[in-house]
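A.B. asks: Have a look at the structure that comes next, please.
Residue numbers (my numbering): 183 to 297.
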């Protein structure tokens, strides 16, 4: 049963990420705002789920499935590489620092809200 909850959550999370990414329209060479936004929202929501000690079915569907596929580490890395290749070192460093520091902050705030 847990496998199905994770799979269903993953379907909806990946679909939501695709939809938001297309709505926010990242243009080639621009700052990757869609991925940053999605990853920060995902960090915040996962913090709430962990902080609230949600039942395993809910955390499997939303935490592992939905948010696991909604957020994206691989896209974050590829976008950093693209910024480096384009010589946009300042944007790459800003994006990396913002992603990590703000991600930790949003996860912490979510955790506090959850508890």
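For every residue, glycine included, the Cβ atom is placed at its ideal position computed from N, Cα and C.
Which two residues bound the contiguous alpha helix (DSSP H) that contains residue 206?
C.D. replies: Unbroken alpha helix (DSSP H) run through residue 206: 184 to 206.
A.B. asks: Going by beta-carbon coordinates alone, are residue 212 and residue 292 separated by less than 9 angstroms?
C.D. replies: In this structure, residue 292 does not lie closer than 9 angstroms to residue 212 by Cβ.
A.B. asks: Could you round the C-beta distance between residue 277 and residue 214 to whole angstroms and report it? I think they count as a contact, below 8 angstroms.
C.D. replies: About 6 angstroms; that satisfies the 8 angstroms criterion.
A.B. asks: Taking 9 angstroms as the cut-off, decide whether the C-beta atoms of residue 193 and residue 245 are in contact.
C.D. replies: Result no, Cβ atoms of residue 193 and residue 245 do not sit closer than 9 angstroms.
A.B. asks: Is the stretch 194 to 203 touching the stretch 247 to 256 in the sense that three or more CB pairs, one from each, lie closer than 8 angstroms?
C.D. replies: In short, these stretches touch, since the Cβ pair count reaches three.
A.B. asks: Using only the alpha-carbon positions, how far apart do residue 285 and residue 186 sit?
C.D. replies: Each residue's Cα considered, the two are about 28 angstroms apart.
A.B. asks: Comparing C-alpha positions only, which one of 188, 198, 267, 218 sits nearest to residue 238?
C.D. replies: Out of 188, 198, 267, 218, 188 has the C-alpha closest to the C-alpha of residue 238.
A.B. asks: Residue 242 to residue 218, Cα distance in whole Å?
C.D. replies: C-alpha separation (whole angstroms): 24 angstroms.
A.B. asks: Report yes if the CB atom of residue 273 is closer than 9 angstroms to the CB atom of residue 265, and no otherwise.
C.D. replies: Yes; because the gap between Cβ atoms is below 9 angstroms, this pair is in contact.
A.B. asks: Here's the rule I'm using: 16 or more other beta-carbon atoms within 10 Å means buried, otherwise exposed. How should residue 269 be labelled?
C.D. replies: Under this definition residue 269 is an exposed residue.
A.B. asks: Give the DSSP-derived three-state secondary structure of residue 284 in the structure shown.
C.D. replies: In this structure, residue 284 counts as helix in the three-state DSSP scheme.
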